[in-house]
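Engineer: Residue numbers (the numbering used here), protein chains in the order written: chain A, 1 to 115; chain B, 116 to 228. This is the structure I have questions about; it appears just below.
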């Protein structure tokens with residue numbers, strides 16, 4: 001079965017640079033979530049989108065922005081990168097029907113290293 | 116403050132032993148998931164529980180959701196070295212309108228042959 005696809009899998013950037021992470025949800029999934037996982041920490045929710053509209057916002061820095069496109073893929077844009085942004089970034093997708101959101105399935109993640 | 120307290124954080128046992136991992140909160144969850152995560156990889160879904168008191172079995176793994184939907188447990192029978200990994204509980208808080216997952220700190224399980 002098709003899974004969530006994330007690209008790139010690894011990314012190395014310098015401080016103050018920008019980065020764009022991409023997420024392709026499971027086919028027919030309409031909701032996308034972004035999580036950040038620091039070393040030795042549990043994943044922290046950043047932001048989510050349902051039908052191309054932001055549906056929830058967590059601890060996402062103002063330097064980050066995200067959007068969901070008409071084909072339901074999502075991109076997380078990160079600017080003015082800081083050393084502390086080095087982490088694993090996961091995308092998850094699910095299917096929402098009315099008020100019910102199905103289980104979230106996670107992608108393999110993008111490892112961002114800021115030097 | 117950790118909304119979901121997971122224990123133990125580290126567990127090292129011998130092959131064939133049984134173990135239980137706990138996930139506790141003072142908050143009510145509309146659903147709770149258990150994931151397993153390998154280093155540098157994304158969490159892989161094991162099970163979703165949504166009904167208070169629900170018990171689900173997946174081969175040697177038994178998952179239980181508390182009656183009040185505030186806690187959950189994962190029991191592994193006759194653990195095998197292949198069970199080694201990081202186990203994460205994660206839930207959707209009933210009080211929030213979105214579907215964000217709140218994660219526990221994880222349990223790093225090592226099963227020694």
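Even glycine gets a Cβ: it sits at the ideal position worked out from N, Cα and C.
Since residue 209(B) and residue 145(B) are thought to touch, with beta carbons under 8 Å apart, how far apart are those beta carbons, to the nearest angstrom?
Structural biologist: Against the second chain, residue 209(B) aligns to sequence position 94. Against the second chain, residue 145(B) aligns to sequence position 30. Sure, about 5 Å apart at Cβ, within 8 Å.
Engineer: When you compare only the Cα positions, how much space is there between residue 183(B) and residue 173(B)?
Structural biologist: Residue numbering aside, residue 183(B) sits at position 68 when the second chain is read from its first letter. Residue numbering aside, residue 173(B) sits at position 58 when the second chain is read from its first letter. Taking the straight line joining both Cα atoms gives about 23 Å.
Engineer: For the beta strand (DSSP E) containing residue 194(B), name the first residue and the last one.
Structural biologist: Mapped onto the second chain, residue 194(B) falls at position 79. Counting along the chain, residue 194(B) falls outside any beta strand (DSSP E), and DSSP gives it neither H nor E.
Engineer: Looking at chain A, is there any beta carbon in it that lies within less than 8 Å of the beta carbon of residue 155(B)?
Structural biologist: Working through the second chain from its first residue, we reach residue 155(B) at position 40. At least one chain A Cβ lies under 8 Å of residue 155(B).
Engineer: Do you know how far the Cα of residue 207(B) is from the Cα of residue 121(B)?
Structural biologist: On the second chain, residue 121(B) is found 6 positions in, with the first residue counted as 1. On the second chain, residue 207(B) is found 92 positions in, with the first residue counted as 1. The alpha-carbon atoms of residue 121(B) and residue 207(B) are separated by roughly 15 Å.
Engineer: Round the Cβ separation of residue 76(A) and residue 87(A) to the nearest angstrom and send it over; I've been treating them as touching at under 8 Å.
Structural biologist: The residue you call residue 76(A) lines up with position 76 of the first chain. The residue you call residue 87(A) lines up with position 87 of the first chain. With 8 Å as the limit, residue 76(A) and residue 87(A) do not qualify as a contact, their Cβ atoms being about 12 Å apart.
Engineer: In whole angstroms, what separates the C-alpha of residue 38(A) from that of residue 169(B)?
Structural biologist: Taking the first residue of the first chain as 1, we reach residue 38(A) at position 38. Taking the first residue of the second chain as 1, we reach residue 169(B) at position 54. Distance between the alpha carbons of residue 38(A) and residue 169(B) is about 32 Å.
Engineer: Throw me the rounded Cβ distance for the residue 23(A) and residue 44(A) pair, which I believe falls under 8 Å.
Structural biologist: Start at 1 with the first residue of the first chain, and residue 23(A) comes out as number 23. Start at 1 with the first residue of the first chain, and residue 44(A) comes out as number 44. In fact, because the Cβ distance is near 16 Å, the residues do not count as touching under 8 Å.
Engineer: Inspect the beta-carbon positions of residue 224(B) and residue 200(B) and report whether they are closer than 8 Å.
Structural biologist: Taking the first residue of the second chain as position 1, residue 224(B) is located at position 109. Taking the first residue of the second chain as position 1, residue 200(B) is located at position 85. Going by C-beta atoms, residue 224(B) is nearer than 8 Å to residue 200(B).
Engineer: Which of helix, strand or coil does DSSP assign to residue 206(B)?
Structural biologist: As a first step, residue 206(B) is located in the second chain; it is residue number 91 there, counting from the start. In the structure shown, residue 206(B) sits in a strand (DSSP, three-state: E or B).
Engineer: According to DSSP, is residue 46(A) helix, strand or coil?
Structural biologist: Stepping through the first chain from its first residue, residue 46(A) is reached at position 46. DSSP places residue 46(A) in strand when its eight states are reduced to three.
Engineer: Tell me whether residue 21(A) sits in a helix, a strand or coil according to DSSP, three-state version.
Structural biologist: The residue labelled residue 21(A) in the question sits at position 21 within the first chain. Residue 21(A): strand per DSSP, three-state reduction.
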